[in-house]
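A short worksheet on the structure shown next.
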Amino acid sequence: MEGLIIKLNIGGAIFTTLLSTLISEKDTFFEKFFGDHFSKEMVDGCYLIDRDAKYFDLILNHMRGKDISRKLEELKESDLFDFVEEVVFYQITSLMPKLPKKGIKMLKELGIE
């Protein structure tokens, strides 16, 4: 079951990955979303997540085990804030300590330690 290929439609962008990638970290949005994945309604063969896709490739690459720290360092402050909001939404706690200093400060401003 964990080798199952999953298609996500996030804000109109299609991402393809393995279920095992999405549920590899505990207590995330994806672990909860796919806890009973067969009961979720699909749209055009994809699971719909109504979020902006702009930074999802970074989040997914992190979940795939890739080092995205250089790309995070290159984000402008406003983009970094938007990225942090997505990390919080998806509850990817393993990514939080890897944020640049400004990103960690943004987490604290959001009440997340």
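Quick note on the numbering used here: the sequence shown kicks off at 14 and runs consecutively.
Every residue gets a Cβ at the ideal spot worked out from N, C-alpha and C, and that includes glycine.
Inter-residue spacing [alpha-carbon to alpha-carbon] between LEU93 and VAL101: The sequence position of residue 93 within the sequence shown is 80, counting from 1. The sequence position of residue 101 within the sequence shown is 88, counting from 1. Looking at the two C-alpha atoms, the distance is approximately 12 Å.
Touch test, the region 19 to 29 against the region 50 to 69, Cβ-Cβ under 8 Å, three pairs minimum: yes
Other residues of its chain near PRO110: CB distance less than 6 Å, five sequence neighbours each side excluded: Translated into the one-based positions of the sequence shown, residue 110 becomes position 97. Answer for PRO110: no residue qualifies.
N-terminal and C-terminal residue of the alpha helix (DSSP H) that ILE117 is part of: Along the sequence shown, one-based indexing puts residue 117 at 104. Element bounds for ILE117: 114 to 122.
Buried versus exposed, by CB contacts within 10 Å (16 or more), GLU90: Here the question's residue 90 lines up with position 77 in the sequence shown. Flag for GLU90 reads exposed.
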